[in-house]
Structures are given as C-alpha cells and as structure tokens.
Amino acid sequence: MPQLRRRPPAPTLILTALLVTPGLAGCAKAPDSGTFTVLNSATDTHEHAAQQEFFDRCAKPLGVRVRQTSVPADQVASKALRMASSHSLTDILELDGSELPQFADTGGLVPLKDAGVDVTGMSEGAVSMGSFRGTPYGIARSVNSLALIYNADLLREAGVEPPTTWDELKTAAKKLTRGRTFGMAFSATPDADGVYQFLPFFWSGGGDESRLDDGKGAPALQLWKDLVTSKSASSAVVTWNQQDVNDQFIAGRAAMMINGPWQVPVLGAHKDLKWEVAPVPVPEAGRPPVPPIGGTVMALPKTGDSGRQRTAAKILNCLNEQRNQVDWGESVYNVPTRTAAAAAYKAQNPKLGAFADQVATARSRTGRVGARWPVVSDALSGAFQSVLTGRATPETALKQAQSRATAGK
Amino acid sequence: MTTTVTTAVPAPSAPAKPAGPARERRRATLLRWCFVAPAALYMLAFFGYPLVRNILMSFQHYTPQTYFTGESPFNGLDNWRGVFDNPLFAQSLWHTLIFTFGSLLGQFVLGLALAVFFSRRFRLSGFVRAVLLLPWLVPMVVSAVVWRKLLDQETGVLNTLLMDLHLTSSAIPWLSSPNVALFAAILVNVWIGIPFNMVILYGGLQEIPRDLYEAAALDGAGAWRTFRSLTLPLLRPVVTVVLILGFMSTVKILDLILALTGGGPADSTQTLGTLTYQLSFQQLDFGQGAVVGNVLVLVSAVFAVLYLRANRSDFGQGK
C-alpha cells in the first residue's frame, strides 16, 4: 500500500510512546525470592571476590544467594538515593561510616534491633559509627584507623626513637629530614583523605567538630603548619592523598607518615623496606590518642518485605560472628569490631597491634554532628588548607570554618 | 601556467508542481511534522525535562529525604539566598571566569599557530599532526592524573626539568600554592584543548581558496599582511565557532579540576562546576547544587544564542 508508506504512522508512534513511558517507570525488577542484593563499593576484583566468599559462607545455610552491585566508593550514596527513588534499593546497603547518618536521617533504614541484628560485644566506637541519634542502623564488620608508620632503618641511622608526643614528633621529623627525604609526610588534601588524617591531631589536642572556633583545635593546625614551615614535611602535602603519601614513604622520601592499615598489602610487597607501626603522637605524654574510626557499615533499607528483612538480618549476624570477623579483618587488614575478635586478631597479627589499640580509643566522625558531617568536613579541610598555604592563622581559619559550617543551616 | 576555473553549472530548476487540493497540502504539512516529531520528542524528554526539573529543584528543599519520601517542599528563594551568601560562590565565579578566558586564549592562540604551521605541506606533517591529536583522545581524568604527577612539587618532571635547565632556582609549587594552582590548571586545560582548536582551524584554513594567496603574493603582501588581511577575515566564521564551543565546554569543566586539585589548595581552584558537585554530591544539598547548575546553564545559554546568531549570519547566507 504505497499511500501508507508515504504517510508514516506518526500518531501511532506518539501513542505508543505515551503508552510505553509510564510502563518504563514502573518496570523495577521484581525481586527474586532466592537472591539477596547488596550495594557496596567493592569494585576491586580481589575485594569483590573476598566479599562474595563471605556472603556465600553465610547465605548458603539459609538456602539463598547473594548478588553484589559494586560502584566506586564516592558513588555509593548517590546510587543508593537513585535506587531509593525508584523503590529498587538492595536488601543490604554497605555505606561508608561517615555517610550513614544522612541515610538514617531519611527514615529509609530499619533500626538494627527491629530487624534482629545484634551489636552487643562490639567496640563502643564501632557501634557509635553505625548509629544515628543513639540508635544503631549500621553494623561494621571491621574498622580502621590511623597510626604513625615509620621507616625503622632511617630512624636507627638518625638515632631517633619513634616519637610519642608532638614535641618529639617535631624534633624527630627535623632530624630525619636529610637531602631529598622529608622527616614526616601526611595527606592534607581538601577531601575525606585529608580530613581523616587531620582528625587524630585535632581531637587529641581537644578540638571539637561541633564548635570549631572554641580555640582548642588551633594547636593541631599549628603543629601541621610548623612541620611544613620548618621543612620537615613538604609543602606539597596539600596535594598528596593517602596513596601519594604511601608512595613517598615507599620511595624513601619520607621517614615517617600517617597512614592506615589498608596500605599494609602495598608496604608488605616491598621486602627491603623495614616499616613499623606506632600510635599517632599526642600533645603531651600520657594523654591517650584520639584517632578517627573509619570503615563501612552494613544497613538494611526499608524495602517493605519483612520476611526478606529477617533473612538479610540473619546474613548480617552470621557475617559478624567472631570467626568470620577475624577472617574478614585479616583479608582486608582492618580490625574486627567484636572486642573479643579484635583481641584474637591482635594476637595473630602483632605487627598491626598499634592499629588494633588505636581502634579501642577511636572516635566516630559523625557521633557529634550526625548528618551535618559533610559540611563540617568541608569546613575543616578549608581550615587546614588555608593555614598550610599561609592564607590564615590557625585561629582565624577556625573562625572562618565555623561560620562556613553553620552558614545557611 | 593557467588555472582553469570551473564554473558551477546551474542546476536545472525543478518543474513547478501544480498546487494540489487543500487536502494534499495538509497531508504534506503533517508529513513534515512527522519528520520533526521524533527529534522534538527526544529533545523534550532528554533536554527539556531535566532543564525544567533543575530549575524547579532550585526552588525546592531537595535533600536525601526527598528520595525516600518523594516530598520536596518549595522554599522560595532560600536556596538562591544560601548560594549567594556563600563566599565560595563569588570566588568560584571569579575563578571560573579566569579559568575559562585563560584557557580559551591559550588554546586558541597555540591552536591557530599550529594550524597555520601545518597548513603548509612538508614531510611528516601528517604524522606530527596525528601525534598532536593525542591529548584529545586521552580521557580527561587520565590526563589530569598524569599531569598531577608531572606537576608535583617534589617529584614532578616539570620542576626537575626547569631546575636542570637553570630556569628556576627552586621548585615551583604548581599545585600546592594557591597563587599558582589556578594557572597550572589553565596550563593543563590549554594542553587538552589545543587539538580541538587546531583541527577545526586547520579545516577552516583548507577552505580558503589557494588562488587568493597567489593574488595576495602578486600584490606584494608579506606573510603578516596576508595573515591579517586574508587568513583571519576568511577564517572568522570558524573562529567564532571554535571560541564559542570552547567557551561552553570550558565554563562547565569539572573532572579536570577534581582530579588535578580537588578545588584546592585553600579553594583556589574552586569553579562553578566543582561547587555544584560539592553541594549536590558531597553535602547532598541538591537544591543549592541546582542553583549553581542553573547559573552555569544561564551563562552557557547566553553563549549558545551568540553561537546560533553567528552561525546564521556566517553560514546561513552562504560564504
């Protein structure tokens, strides 16, 4: 029929488009009853496989399977939000500890107790990291923190003991700075890396993230500034992320660094490098260090299916049995959150003892400011960046930070 | 030697169609709309809808809660006030302007110089031109990460080179000083943008008839005079296109700066692009993020209109 060919059936096209569009919006996949879904940031092949092994270990006895969806760490939150708006959130959501309050605040997560997940026997810091307004919403299998990692050979050559106080740190860093090697390295980038590294100094000095301008945080800023002005640390620290700091340390261009246990596999691969771990130095001898606690927490989104939720809760409980926690902690070099598991972990990995000890006194980033943490974190990074680049004194930087953290809120 | 000039043979004019009945004409109109309809629908769905949503969002209290509850109450000008009160906004706007115009200037001047250089034929010209295209093929984030290593204050190749050549006595803090970082970012973006400018301008140069140059040479015009009075005026339509497209892709830049400096040190490389990212995806304040996004859309729209006008006057009426 030539006439029809000449006249494309446009009205039909439009009609079809109109009919199909609403259909598309509602075509979220119906969950398969035997498969449980997880959204996490295990994009690394090795980590993805390790996660799967633990999920399989816990899901098999329940007669179900677990399927992971992994996206880069900085995209988990936005991906989860998109899933939430289309009512297709996964059964288990693994978030960074610092992001949990924002999700709990939405009312979209099930309190762990209601779902039947048990957090007794876990370290206070770990429980606090997964809590929002005192209610646990997320459970951490393992946590990490920061410590001082030093090059044992370089310290011995310079006749320097690992520093325990800020003054010792400054003297030691100065002595260790020779030729192209800096005594000290840390990350001071304007993002989560830099803020995480600043917190052990800020908190141990008495700083309070909910009142940045109370003056107690200034000495920590001064310490960082002193290390850079005395050239014991490179002024390039404002551009070095934690990975860069580790690279500098491995290349022998830094004698000491602040870093976390996730660098252990990389450090361990360099057999000729003799590294040791010590707690982060404190302002005065005898004061306990207050490092930040970090890691991911697993939460249960409200999917409206209580049967599935109960099964998902069982999977979480199983993942957090002592043996599984120790095994998992060893596979990712993080410290188990069960106090008893942490002790077993420390006994089996004496070299990482400093990390295990740090975790005992470590503090959650979101404990005091909750869902406002991202704004506070931005303000803090603004403060140390402007001090390190000579744009402000510690006191003015913290005053500016406080107004930045409270602006428009 | 004589040059043969081929004159275009005028196309035989189509036989005039007898005006059909009204029904026939209506059908023709409908047919025309049917061809436009898919494109129009596509534009509405994928450009119109997000744009309208973004404008609406800038007047709404849009937070993570919204994704779960679907509620996003209108809050008037609160988001706009919040953004304009934020001292970072004015700074970012200023940095965006410096970054955009600095990048355009560098990209255009170097791109044009290279295009003119390569428009003369010589051995290996094609090969060198292909090599110069490489920056264009590398993903932006990869270039930024590589440049971050090259520009590192302590271990960067650039500083080592400059010091070995005794051009500077101490390492330049390319990315670690707030006074230099924006300049370094411009430098990297110029490097990335040169191929685009070169390719388009090279194409434009090829369009200029050779015999005009011969005529200019006969009239005794020197190289500079030829360039100024012949090349540049005839290249004008292409220059407009390059500059406006360059502007629109530079003003919204995000990935390069995020990977290079993350907006630091001390916010010295924050642009409107990074500010939108920070507000929307780090602080999860989507309303305020949308405000900055809208400002960017507005700025781009102004230049898009300029682009369309330039296109119409230069190409629409034939060259």
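As you go down the protein sequences, you meet chains A and B in turn. Numbering that gives the first Met the number 0 puts the first residue of the first sequence at 0, with every later residue one more than the last. Numbering that gives the first Met the number 0 puts the first residue of the second sequence at 0, with every later residue one more than the last. Just so you know, even glycine gets a beta-carbon here, dropped at the ideal spot from N, CA and C.
query: Following the continuous beta strand (DSSP E) through Glu275/A, name the residue where it begins and the one where it ends.; result: 274-277
query: Note down, in chain order, every chain B residue with its Cβ under 8 Å from the Cβ of Phe102/A.; result: Pro63
query: What span of residues does the alpha helix (DSSP H) with Ile191/B cover, start to end?; result: 180-206
query: Taking Asn39/A as part of the beta strand (DSSP E), name the residues at either end of that continuous run.; result: 34-39
query: Give the secondary structure of Phe121/B by DSSP, where H, G and I count as helix, E and B as strand, and everything else as coil.; result: coil
query: For chain A, check one thing: does any of its Cβ atoms lie closer than 8 Å to the Cβ of Leu43/B?; result: no
query: Check the DSSP bridge columns for Asp284/B and list the partner residues they point to.; result: For Asp284/B, which the question treats as bridged, DSSP gives no partner whatsoever.
query: Are the C-beta of Asp190/A and some C-beta of chain B separated by less than 8 Å?; result: yes
query: With a cut-off of 8 Å, does the C-beta of Pro373/A fall near any C-beta of chain B?; result: yes
query: Taking Cβ-Cβ distances shorter than 8 Å, what residues in chain A pair up with Tyr48/B?; result: The contacting residues do not exist; Tyr48/B stays about 11 Å from chain A at best.
query: Within 8 Å of any Cβ in chain A, is that where the Cβ of Ser176/B sits?; result: yes
query: Can you find a CB in chain A that lies within less than 8 Å of the CB of Glu153/B?; result: yes
query: Skipping 5 residues on each side, what residues in its chain have a beta carbon closer than 6 Å to that of Gly205/A?; result: Lys215
query: According to the neighbour-count rule (16 or more other Cβ atoms, all chains shown, within 10 Å of its Cβ), is Arg362/A buried or exposed?; result: buried
query: From Ala219/A, Asp246/A, Gly115/A, Ala125/A, pick the residue whose C-alpha is nearest to that of Thr180/A; which is it?; result: Asp246/A
query: Using the three-state DSSP reduction, which class does Asp43/A fall into: helix, strand or coil?; result: coil
query: In chain order, what residues of the same chain lie with their CB nearer than 7 Å to the CB of Pro63/B, ignoring the 5 residues before and after it?; result: Leu283
query: Using DSSP with H/G/I as helix, E/B as strand and the rest coil, what is Phe136/A?; result: Inspection of the sequence shows that residue 136/A is occupied by Tyr rather than by Phe. Correct three-state label for Tyr136/A: coil.
query: Of all the options Phe182/B, Ile207/B, Leu242/B, Thr239/B, which has the alpha carbon lying nearest to the alpha carbon of Ser228/B?; result: Ile207/B
query: Can you tell me whether His269/A is buried or exposed, with buried defined as 16 or more other CB within 10 angstroms of its CB?; result: exposed
query: Any Cβ of chain B within less than 8 Å of the Cβ of Gln384/A?; result: yes
query: Ala340/A to Gln324/A, Cα distance in whole Å?; result: 7 Å
query: If you drop the 5 nearest sequence neighbours on each side, which residues of the same chain put their C-beta closer than 7 Å to that of Ala27/A?; result: Residue confidence for Ala27/A is low, a pLDDT of 45 falling below 50, so the modelled location carries little weight; the figure read from the coordinates is stated next. The residues are Ser85, His86, Ser87.
query: Cβ of Tyr66/B less than 8 Å from any chain A Cβ?; result: yes
query: If you run the structure through DSSP and keep just helix, strand and coil, what is Ala24/A?; result: For Ala24/A, the predicted model reports a pLDDT of 41, less than 50, meaning its position is unreliable; a value from the coordinates is still stated below. In this structure, Ala24/A counts as helix in the three-state DSSP scheme.
query: Quick check on DSSP: helix, strand or coil for Glu93/A?; result: strand
query: Could you pull the start and end residues of the alpha helix (DSSP H) that Ala309/A belongs to?; result: Note on residue identity: the sequence assigns Arg, not Ala, to residue 309/A. Residues 305-318.
query: What three-state label does DSSP hand Gly293/A in the structure shown?; result: strand
query: What residue range is occupied by the uninterrupted alpha helix (DSSP H) comprising Ala103/A?; result: 99-104
query: On the premise that Val386/A lies in contact with Trp223/A, defined as a C-beta separation below 8 Å, what is that separation, rounded to the nearest angstrom?; result: 7 Å
query: Give a yes or no on whether the C-beta atoms belonging to Tyr61/B and Phe285/B are separated by under 8 Å.; result: yes
query: Please compile the residues from chain A whose C-beta is within a distance smaller than 8 Å of the C-beta of Ala89/B.; result: Those within 8 Å of Ala89/B in chain A number zero; the least Cβ separation is about 13 Å.
query: Using a beta-carbon distance below 8 Å, is Cys26/A in contact with chain B?; result: Here Cys26/A scores only 42 on pLDDT, less than 50, and its place in the model should not be relied on; the value that follows carries that caveat. Closer than 8 Å: no.
query: Could you check what DSSP says for Pro20/B in three-state terms: helix, strand or coil?; result: coil
query: Taking 7 Å as the cut-off, is the CB of Val238/B close to at least one heavy atom of the ligand SAH?; result: Looking at this structure, you won't find the ligand SAH or any other ligand, since it has none at all.
query: Comparing alpha-carbon positions, which option in Gln384/A, Thr68/A, Glu156/A, Gly33/A lies nearest Pro60/A?; result: Gly33/A
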